[in-house]
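So in UniProt numbering the end of the sequence shown lands on 620, straight run, no missing numbers. Here a beta-carbon is modelled for each residue, glycine too, at the ideal position from N, C-alpha and C. If you're wondering where the values come from, they're calculated on a predicted model, not measured in any experiment. Working notes for the structure below.
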Amino acid sequence: MQLLDELLELRLIRPVDLHFSRWLKQQHPSVNQSLLALAAIVSRHLGDGHICVRIDSLMGLIAYWPMSVREPLRALLPSDTASMSALVDETVLGTGDELTPLVLNQDRVYLYQYFQYECQVARKLLSLAGEGDVNPEQLTMHLQALFAQSNEQPDWQKVAATTAVAQRVSVISGGPGTGKTTTVTRMLAIYLQSMLEHNPDVHPVIRLAAPTGKAAARLSESIAQAKHQLSVPESVTSLIPDVGVTLHRLLGARPNVHHYQYNADNPLHLDLLVVDEASMIDLPLMASLLEALPEQARLVLIGDKEQLASVEAGSVMGDLCARPTGCVKTPAMQQLLLQTCGVPFEQGMPSTFADAVSLLQRSYRFSANSGIGALARAVNSGDRRAVRQAFAQGYDDIHLLPMQDDHVKPLLQHMQQGYTDYLKAVSEQQAPASVLLAFNRFKVLCGLRRGPWGVEAINQAFELQLEALQRISRKGRWYAGRPVMITRNEPALNLFNGDIGVALPDEATGRLKVWFDLGGELVRFSTSRLPSHETVFAMTVHKSQGSEFDQVTLVLTPTSQGNSRELVYTGITRAKKQCNVWGAIETLEKAACSPTTRMSGLAARLWNGPGPTASIGPTP
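Structure representation (structure tokens):
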């Protein structure tokens, strides 16, 4: 199909999208030309993170494409549900009941596998929602013991703990410093106390997990700190784990095997699973996780719905928290929250899934005098004036550093200053733990990988500057002090995408070894054994999710390419003590007003229920 070849030449579709359409033509020689064009576009938008393509969005998606391809596509592509339904043939485009490459469901078109993922996730979550057995009087007693009287009414942490104890599935969303892990730790204590009071000999198995090694380590540290502050018996705290693992480790990822060790036929051995940084979980991974969950297990998902969606397809956390206007918790849950937390009744349309979702709204990390908090709120609200006002207030923890004629040299000098402690630790041959600690105090975050302001160019330029200043001595790619990030999972080595290590000379041999902190354990590898990796003085905002640094410098691309509200918010909130924004205020304002939307049917399936307007889909 010549039109698709032209789309490829214009880089409007990818080679894989063209190959998909060609494969359809080979398998079904009489296929309608409209379906070939549709297949390429659905595949292309899956690459952009969309689970599906809405029929009413098709014309808008191609509106700014060159006229030479736009007009032929307008003639080919269906413009409404009726014309799309006319193309259903049960061989290429089906309704999901049978295996077909494309699926039409309501007003959305999917690739078959992603339609199945979405239905599977919705079906499992809805089966978990609304299930639970709790004694209100007993729960009130435990809540009063663990939650001090708060001036904040209602106490949203207390509300979140209550709903999590009362449900088999719980979703807790909140920004940095809102007390997500503190809340979950108290919830675990209440859950365990209730279990032990019913049966003193029971030993529930609780597991902690997160999408990346860094996020798992942070979860472990936070839970360990929080559980030691609990005023509960040692018999309870001893059952709360403080070691988290990555989701890939939890599910049993294996070398050269596409399926996980744990699945529906071989479920995980646990009673309750806590997963942090849930916004990083893409739809296929969430489907695999839910598939491996045992029949009677509980699931607690923690995250920040305002953060960047996953790198791969889907915006699962956002969909889980997409509570429609007028939607309220069920009368039973509202009665429980009134009795235990003093939350007044709301009028509206009751939703079972609303019972599972809690939003933490108060940040305990960022005080009223915090510029980071003020800037994050301004960006998140899309308020241009508030964004500019945040810098005008004179906060000492946020700084706007305008680019100078698009030259990278000032940024490199800034990076050298930011990494002073790290470079000193390397030159003094301090212990690996100290070097890793120093490295994680400062980080440069970028929106893009490629281009003059992408991580690849900045990392390369910074290495050249360090070499010119004789701060590093390179032999090939490797040198003492080279920080690297793993970019491909290697289960055999227990190294996974996102793990960060530092190359340091071995005390005995002087040969370079790469040290990693894996869940609190220092592990070293020879440079030749590492899976795919890259230098990481600068990293993408996506890769920084699940991490925190004392000081962050967020680099905004002058062209606004890649900048979005979620990206800027995520970058800003990686900083604990200081955040520098490297770019023009106009670029920042534009990003704050540019939210990202990913097309999906998951929210409709969860929040509207399995009615005719949002069917869950076929059961395998």
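Looking at C-alpha atoms only, which residue of the options is the closest neighbour of residue i?
i, options, result
"L125", "T487, T587, E295, E586", "E295"
"P154", "L512, F345, M59", "F345"
"L270", "Q261, A292, P284", "A292"
"E490", "K576, N266, R524, P531", "P531"
"P15", "P29, G47, H28", "G47"
"E277", "H259, Y262, V245, L77", "V245"
"Q138", "H198, V184, G174, V88", "H198"
"Q404", "Q417, L251, Q413", "Q413"
"T573", "A480, F496, E306", "E306"
"W582", "Y117, A166, H407", "H407"
"Q465", "L493, C579, N494, Y419", "Y419"
"V435", "H19, D421, L99, K577", "D421"
"L450", "A508, V387, M539, I472", "Residue 450 is actually Arg in this sequence, not Leu. When each option's Cα is compared against that of R450, the closest is M539."
"A216", "A591, D499, L400, S68", "D499"
"F439", "R298, L423, C446", "L423"
"K576", "V184, G371, A40", "G371"
"V379", "E428, Q27, G571", "G571"
"R605", "C119, P284, E467", "C119"
"M187", "R74, A166, A161", "A161"
"C341", "M141, L12, S547, S231", "M141"
"M1", "L18, G481, C446, E234", "L18"
"R488", "H228, H399, G213, L522", "G213"
In its own chain, which residues sit with a C-beta less than 6 Å from the C-beta of residue i, not counting the 5 before and 5 after it?
i, result
"residue 689", "Outside the shown range of the chain, which is 1 to 620, sits residue 689, and nothing can be said about it."
"P241", "I206, L208"
"M280", "P211, S310, Q545"
"R365", "P176, G177"
"P255", "P491, A492"
"R249", "none"
"P612", "Any answer about P612 is weak, because its pLDDT of 33 lies below 50 and its placement is not dependable; what the coordinates show is given next. Once the five neighbours on either side are set aside, P612 has no close Cβ partner at all."
"Q578", "D397, Q551"
"A224", "D242"
"S57", "none"
Can you give me the start and stop residues for the beta strand (DSSP E) that residue i sits inside?
i, result
"F516", "512-518"
"I500", "500-505"
"Y110", "108-111"
"R605", "Segment 602-607 is the alpha helix (DSSP H) holding R605; no beta strand (DSSP E) there."
"S170", "169-174"
"W582", "575-582"
"G394", "G394 -> no beta strand (DSSP E), and no H or E assigned at all."
"T246", "244-246"
Inspect the beta-carbon positions of residue i and residue j and report whether they are closer than 7 Å.
i, j, result
"L308", "L556", "no"
"G179", "Q157", "yes"
"A390", "L375", "yes"
"L76", "S34", "yes"
"H542", "V484", "no"
"R384", "E589", "yes"
"F462", "F516", "no"
"V88", "V31", "no"
"V134", "L192", "no"
"S367", "R598", "no"
"K443", "V552", "yes"
"N497", "I486", "yes"
"T535", "N459", "yes"
"A287", "V121", "yes"
"T181", "A226", "yes"
"V357", "C327", "no"
"L251", "A189", "no"
By Cβ distance below 7 Å, which residues in the same chain neighbour residue i in space, the five residues on each side in sequence not counted?
i, result
"S615", "Unreliable positioning characterises S615 in this predicted model, as indicated by a pLDDT of 45, which lies under 50. A coordinate reading is not provided."
"residue 627", "The chain is shown from 1 up to 620; residue 627 falls before or after that span and cannot be answered."
"A603", "D319, A322"
"E152", "R362"
"V159", "L337, C341, V343, S358"
I need the boundaries of the alpha helix (DSSP H) containing residue i, first residue and last residue.
i, result
"E589", "585-592"
"P410", "409-418"
"R377", "371-381"
"F525", "No alpha helix (DSSP H) contains F525, which is instead part of the beta strand (DSSP E) from 521-526."
"W156", "156-166"
"N263", "N263 -> no alpha helix (DSSP H), and no H or E assigned at all."
"C341", "331-341"
"E534", "From DSSP, E534 is part of no alpha helix (DSSP H) but of the beta strand (DSSP E) over 533-535."
Against chain B, does residue i count as a neighbour if the rule is that its beta carbon must be under 7 Å from one of theirs?
i, result
"L35", "In the structure shown, chain B cannot be found, because there is only a single protein chain."
Hey, would you say the C-beta of residue i is under 6 Å away from at least one heavy atom of the ligand PLP?
i, result
"L375", "With respect to small molecules bound, the structure shown includes none, and the ligand PLP cannot be examined in it."
Apart from the five residues on each side of it in sequence, which residues of its chain come closer than 8 Å, Cβ to Cβ, to residue i?
i, result
"residue 685", "With the chain covering 1 to 620 only, the question about residue 685 has no answer from this structure."
"E9", "none"
"Y448", "Before going on, a small fix: residue 448 reads as Leu here, not Tyr. Around L448: G454, V455, T540, T557, Q561, G562."
Legend entry - Three-pair Cβ contact test at 8 Å for the region 258-265 versus the region 229-241: Counting C-beta pairs closer than 8 Å gives fewer than three between the region 258-265 and the region 229-241, which falls short of the contact rule.
Inset, instruction - Could you tell me whether the region 95-109 touches the region 333-341, where touching means 3 or more Cβ pairs closer than 8 Å? - result: They do not touch, by the three-pair rule.
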